[in-house]
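Colleague: Counted from 1, the sequence shown has number 398 at position 384 by the numbering used here; the numbering is strictly sequential.
We put the CB at the ideal spot given by N, CA and C, even for glycine.
The structure presented is a predicted model; accordingly, all values stated were derived computationally and were not measured.
Could you have a look at this structure, given as structure tokens, before my questions?
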Amino acid sequence: MVNNLPSAKDDQVSEDKTGEAIAVGRSVNFSAAIVAIAFLGSVAGIRFVTLDDRWYAAWAWHNTWIPTALQIAAEQGRFPKLTSFLQFLPYLTDSAVLQGALRLLTILGGAWIAGRLLEKVTDRPGLAASFVILFFAFAQNSNEHNLFVAYPFAWEFSWLCWMIGVFGLIAAIERGSMALACWGAIIWLTGLQEGFLPQTAVHLVVAYTYWRLGRKSWNFLVPYFLGLSIWLATWLLWRASHTSLYEGSQLALDEPFSVILRTTANYTFGGVPFATFLYGGASLSIEVIRQSLGTLSVIKAAAVFFGAIGVANYVRLRSRPIPWRNYLGLSLVLTFLAFAPNMVIGLTPKYQEWMRLGSHAYLYSHFSYYAWIALLCLWLSALFLRFKSRYFAIMTASILSLGSILTDALNFNVNSEQRQMGRRWDSMLGFFESDLFESLPRDSSFWFRDASVSGSEKDDAVYWQYVAKARTGKDVHVTSDLRLAQSSSGGGSYLYLYDEPRSENQYVLVAPFLTNTMLAPSSSTRVFGSGFEPMSNPWIVSSRRVWVFPNSLNQKVHISGTFVCEGSDCSSSISVDGKALPTIFNKTFSVSATSVVDENGVEVLEVATSRPFDVTSVSVDFPRTLPPAEAPVEISMDEHIGDQGGAQSYDWTRAECDSTLWLKNLDRDQQRFDIVGKIISSYPQYVEIASDDGNQKMRVGLPANSPQEFVFPFVAHSGLSALHLRCEPIVSTEGAADSRGSLRLMSVGLRMRDGGIGN
15 MVNNLPSAKD DQVSEDKTGE AIAVGRSVNF SAAIVAIAFL GSVAGIRFVT
65 LDDRWYAAWA WHNTWIPTAL QIAAEQGRFP KLTSFLQFLP YLTDSAVLQG
115 ALRLLTILGG AWIAGRLLEK VTDRPGLAAS FVILFFAFAQ NSNEHNLFVA
165 YPFAWEFSWL CWMIGVFGLI AAIERGSMAL ACWGAIIWLT GLQEGFLPQT
215 AVHLVVAYTY WRLGRKSWNF LVPYFLGLSI WLATWLLWRA SHTSLYEGSQ
265 LALDEPFSVI LRTTANYTFG GVPFATFLYG GASLSIEVIR QSLGTLSVIK
315 AAAVFFGAIG VANYVRLRSR PIPWRNYLGL SLVLTFLAFA PNMVIGLTPK
365 YQEWMRLGSH AYLYSHFSYY AWIALLCLWL SALFLRFKSR YFAIMTASIL
415 SLGSILTDAL NFNVNSEQRQ MGRRWDSMLG FFESDLFESL PRDSSFWFRD
465 ASVSGSEKDD AVYWQYVAKA RTGKDVHVTS DLRLAQSSSG GGSYLYLYDE
515 PRSENQYVLV APFLTNTMLA PSSSTRVFGS GFEPMSNPWI VSSRRVWVFP
565 NSLNQKVHIS GTFVCEGSDC SSSISVDGKA LPTIFNKTFS VSATSVVDEN
615 GVEVLEVATS RPFDVTSVSV DFPRTLPPAE APVEISMDEH IGDQGGAQSY
665 DWTRAECDST LWLKNLDRDQ QRFDIVGKII SSYPQYVEIA SDDGNQKMRV
715 GLPANSPQEF VFPFVAHSGL SALHLRCEPI VSTEGAADSR GSLRLMSVGL
765 RMRDGGIGN
């Protein structure tokens, strides 16, 4: 008996292990915080990702969000819950910082509470930090209604309520408190969504588990199922009086079971780590990985590595073995939780059709991701407990760290695209806040030509008209129909929104209509910027004044356009921000100036001309600085090589169609360039310039025997990059096939963008 008592030496060893475990636990928590901050920082500037987000913002700005929420609920046959109104909450403030904080903090809170819940049910200390590390290490972004960037706050709030409700049930059973059960049920019902109904089975599993342990548990389910019964009865009454016209809330019970199962499984596995790669939604290459491997990604990967090492040590010091049958039972519950969020949408015709069309993820896939990470976390801790070798821990940590780097590479392009999309709203909202918009008379009209919000110029015009009213209270008309804009009693203007590909340069262009001039009958094409488009309207819309509202770190703006004139004399004078320029322009104008800040704090540049110009010919770009001498770039056209760098130009006698322009970037710190060139052709034709991966394209229209300049924004990765040139005739003429060899690239050169790289 005495020999079995713990000795002073055993007590000392136990105290040493406890102290070491506390230190290791702190390091793991620190690593988890770094990983979370790194991921959340990568998506911090993203807003207005989905069409729903854009309209929720507009309705919130218009102060019609409460009746709109009720109207949506009535049309879709969905009972108006608290979460129906929370969709609008982030947009009740104009602060992008507060909007972002609300979104990111609820994501962080969801991950932490999920980890704590997993730690509670497994009785495994340290599992919460482990869950947070894995959750943010493999968090993936996409354009498929991804809740890391879309639908801020509302859905994460629902998920938080569900998890807190489960916590409340566990605490009520352990403490024998019916009051805790009631509070847990209230919180759970507050955030309950239709898609979370199948997960109610988890409450039964919790009660059964504690009953097997000899505790009274079933009576604590009464508040939950009483509340659920009231919720379902209210939902059915609402549905009976509001027939749904929305396919997303209808049930297709007559579909074969295989279709229902495939739809559910499709969106469930759309939430697994690396799903965007497995389903082809994102691609991986050495170049993409190198491009995405910035400081934040490296810090995140290092934190994942040391965090995993810390988790392995913590499990060794603090955890005790768990029977394998318990692992299997909990794994079954987590697998059910992965499928449960998608069971309801698996029954709906809308998402069954989406699945057939190739959709692989939806917002409910986000909650499946929680379950997949919990499974990974559970079995990783089991492996660390089974294999306590330091080498196994290092190998596992290295694999997880590599997974973090690859996930960042998969997210890199979509993050950039979504962040740039959000900047479009900043550009338009800046215009609505400007002195110019404030001074416009009511009933002013804008001819708007853009489709970035909905994919339709007509629908986008309706959207921006609504936003203008919501933000300023001013009744203006925005239309894609030129004739409607011209007939406005308050005057019409040309409104154009543009952003450069893969850059942070956007602008809004506004030019009031002046006159209409009929084109000559022989004209079959008309100039639009630097290219040709088929003539859809025989009128040239002219103006003598244009305002440019830049949204760029580069305050210098270059504006050019084409005058409307007849005969050889087409001279004009120009003033910029009221200051006359001494230069007399002929046929075209081209000016560079620095934007100024108006009284409302909005950057703007005003250009006025004495002769009318075609509003659709006006183009804007942002001048760049030249590359430094120590950053040489080599350019070649097929077999022709030029070894000079910087802004030096290169001449060739001709450039065959279907040729390739090679660019070798020798400086890994500079990637963003403008390819500047001049092309001439003896026949009217198009020239398409495209990057090797096809992500960057532009089309240049070439009249016969008229040199045309082009500026092609290009991302040149370290190493060799290719630009492909392909031409096609505009009009059918004799010998058109022979004209494919008549193209001449007169010059080509590089301009580096201001501010260096900055991906």
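1. Can you name the start and end residues of the alpha helix (DSSP H) that residue 145 belongs to?
2. Measuring CA to CA, which of 687, 484 and 724 is closest to residue 75?
3. Ends of the beta strand (DSSP E) at residue 722?
4. For residue 655, count the other beta carbons within 10 Å of its own beta carbon; 16 or more makes it buried, fewer makes it exposed. Which is it?
5. Do residue 711 and the ligand NAD come close, with the Cβ less than 7 Å from some heavy atom?
6. Let's see if you can read the secondary structure: which residues bound the beta strand (DSSP E) around residue 613?
7. Using beta-carbon positions only, say whether residue 234 and residue 298 come within less than 8 Å of one another.
8. Mark residue 490 as exposed unless 16 or more other C-beta atoms lie within 10 angstroms of its C-beta, in which case mark it buried.
9. Using only alpha-carbon positions, find the residue among 557, 565, 471 and 273 that is nearest to residue 631.
10. Less than 8 Å separating the beta-carbons of residue 143 and residue 129?
11. Report the option in 178, 168 and 227 whose CA atom is closest to the CA atom of residue 188.
12. In three-state DSSP terms, what is residue 702?
13. Between residue 608 and the rest of its own chain, which residues show a CB-CB distance below 6 Å, the 5 nearest in sequence each way excluded?
14. Here's the rule I'm using: 16 or more other beta-carbon atoms within 10 Å means buried, otherwise exposed. How should residue 205 be labelled?
15. Smallest Cα separation from residue 594: which of 580, 621, 572 and 574?
16. Beta-carbon separation of residue 376 and residue 158 under 8 Å?
17. Any idea if residue 32 is buried or exposed, counting beta-carbon neighbours within 10 angstroms, 16 or more meaning buried?
18. Just reading off the alpha helix (DSSP H) that residue 329 is part of, what are its end residues?
19. On the criterion of 16 or more Cβ atoms from any shown chain inside 10 Å, does residue 81 qualify as buried, or is it exposed?
20. List, from N- to C-terminal side, the alpha helix (DSSP H) runs of 4 residues or more that fit wholly inside the region 231-257.
21. Exposed or buried, residue 652, counting other C-beta atoms within 10 Å across all chains shown (16 or more means buried)?
22. Out of 692, 740, 104 and 720, point me to the one whose CA is closest to residue 704's CA.
23. Do you know offhand how far residue 615's Cα is from residue 438's?
24. Could you compute how far the alpha carbon of residue 134 sits from the alpha carbon of residue 109?
25. Need the endpoints of the alpha helix (DSSP H) that residue 369 sits in, please.
26. Beta-carbon separation of residue 107 and residue 167 under 8 Å?
27. Helix, strand or coil for residue 600 per DSSP?
28. Going straight from the alpha carbon of residue 628 to that of residue 366, what length do you get?
29. Look up residue 58 in the DSSP assignment and say whether it is helix, strand or coil.
30. Quick one, which of 238, 465 and 405 has its alpha-carbon nearest residue 65's?
31. Have a look at 474, 311 and 95 and flag the residue whose alpha-carbon is nearest the alpha-carbon of residue 150.
32. Between the region 416-429 and the region 458-473, do at least 3 Cβ pairs fall closer than 8 Å?
33. What does residue 462 pair with, by DSSP beta-bridge criteria?
34. For residue 472, which residues does DSSP report across the bridge?
35. Do the region 311-323 and the region 45-59 make contact, defined as three or more Cβ pairs closer than 8 Å?
36. Using only the alpha-carbon positions, how far apart do residue 498 and residue 504 sit?
Modeller: This is what the structure holds:
1. Taking the sequence shown and counting its residues from 1, the one referred to as residue 145 is at position 131. Element bounds for residue 145: 141-151.
2. Along the sequence shown, read from residue 1 onward, the residue named residue 75 stands at position 61. It is 484.
3. In the sequence shown, residue 722 corresponds to position 708, counting from 1. Looking at the DSSP string, the run of the beta strand (DSSP E) that includes residue 722 is 722-729.
4. Translated into positions along the sequence shown, residue 655 becomes position 641. The predicted model places residue 655 with a pLDDT of 34, which falls under 50 and marks its position as unreliable; any figure quoted below should be read in that light. Counting Cβ neighbours within 10 Å, residue 655 comes out exposed, since fewer than 16 surround it.
5. In the structure on display, the ligand NAD does not appear, and there are no ligands present to speak of.
6. Position 599 of the sequence shown, counted from the first residue, corresponds to residue 613. Careful: residue 613 lies outside any beta strand (DSSP E) and carries neither H nor E.
7. Your numbering for residue 234 matches position 220 in the sequence shown. Your numbering for residue 298 matches position 284 in the sequence shown. For residue 234 and residue 298, no; Cβs fall outside 8 Å.
8. Position 476 of the sequence shown holds residue 490. Flag for residue 490 reads buried.
9. Within the sequence shown, numbered from 1, the residue matching residue 631 stands at position 617. For residue 631, the nearest C-alpha among the options comes from 557.
10. Your numbering for residue 143 matches position 129 in the sequence shown. Your numbering for residue 129 matches position 115 in the sequence shown. In contact: residue 143 and residue 129 (Cβ atoms closer than 8 Å).
11. Sequence index remark: in the sequence shown, residue 188 carries index 174 (1-based). Nearest option by C-alpha distance: 227.
12. The sequence position of residue 702 within the sequence shown is 688, counting from 1. Three-state result, residue 702: strand.
13. Taking the sequence shown and counting its residues from 1, one reaches residue 608 at position 594. So the qualifying residues of the chain are 569 and 570.
14. Reading the sequence shown from its first residue, position 191 is the one you call residue 205. Under this definition residue 205 is a buried residue.
15. Mapped onto the sequence shown, residue 594 falls at position 580. Taking only the C-alpha atoms, the option nearest residue 594 is 621.
16. Position 362 of the sequence shown, counted from the first residue, corresponds to residue 376. Position 144 of the sequence shown, counted from the first residue, corresponds to residue 158. A contact, by the Cβ cut-off of 8 Å.
17. Against the sequence shown, residue 32 aligns to sequence position 18. Its Cβ having fewer than 16 others within 10 Å, residue 32 is exposed.
18. As a first step, residue 329 must be located in the sequence shown, where it is residue number 315. That run of the alpha helix (DSSP H) goes 309-332.
19. Residue 81 sits at position 67 when you count from the first residue of the sequence shown. Exposed, by the Cβ-count rule.
20. 236-255
21. To locate residue 652, count along the sequence shown from 1; it is residue 638. A caution first: residue 652 carries a pLDDT of 41, below 50, which makes its placement in the model too unreliable to give a value.
22. The residue you call residue 704 lines up with position 690 of the sequence shown. Per the Cα distances, 740.
23. As a first step, residue 615 is located in the sequence shown; it is residue number 601 there, counting from the start. As a first step, residue 438 is located in the sequence shown; it is residue number 424 there, counting from the start. C-alpha separation (whole angstroms): 18 Å.
24. Here residue 134 corresponds to residue number 120 of the sequence shown, with the count starting at 1. Here residue 109 corresponds to residue number 95 of the sequence shown, with the count starting at 1. So the alpha carbons of these two residues sit roughly 37 Å apart.
25. Within the sequence shown, the letter at position 355 stands for residue 369. Element bounds for residue 369: 363-370.
26. Numbered from 1 along the sequence shown, position 93 holds the residue referred to as residue 107. Numbered from 1 along the sequence shown, position 153 holds the residue referred to as residue 167. Going by C-beta atoms, residue 107 is not nearer than 8 Å to residue 167.
27. In the sequence shown, residue 600 corresponds to position 586, counting from 1. Residue 600: strand per DSSP, three-state reduction.
28. Within the sequence shown, residue 628 is the residue found at index 614, counting from 1. Within the sequence shown, residue 366 is the residue found at index 352, counting from 1. When rounded, the distance between both Cα atoms is 49 Å.
29. Looking up residue 58 in the sequence shown gives position 44. The answer is coil: DSSP assigns residue 58 none of H, G, I, E or B.
30. On the sequence shown, residue 65 is found 51 positions in, with the first residue counted as 1. Of the candidates 238, 465 and 405, the one whose C-alpha sits nearest the C-alpha of residue 65 is 465.
31. On the sequence shown, residue 150 is found 136 positions in, with the first residue counted as 1. If we check each option's Cα against that of residue 150, 311 comes out closest.
32. no
33. On the sequence shown, position 448 is the one that residue 462 refers to. For residue 462, which the question treats as bridged, DSSP gives the partners 509.
34. Here residue 472 refers to the residue found at position 458 of the sequence shown. Its beta-bridge partners do not exist; DSSP assigns none.
35. yes
36. Locating residue 498 in the sequence shown gives position 484, where the first residue counts as 1. Locating residue 504 in the sequence shown gives position 490, where the first residue counts as 1. Rounded to the nearest angstrom, the two C-alpha atoms are 12 Å apart.
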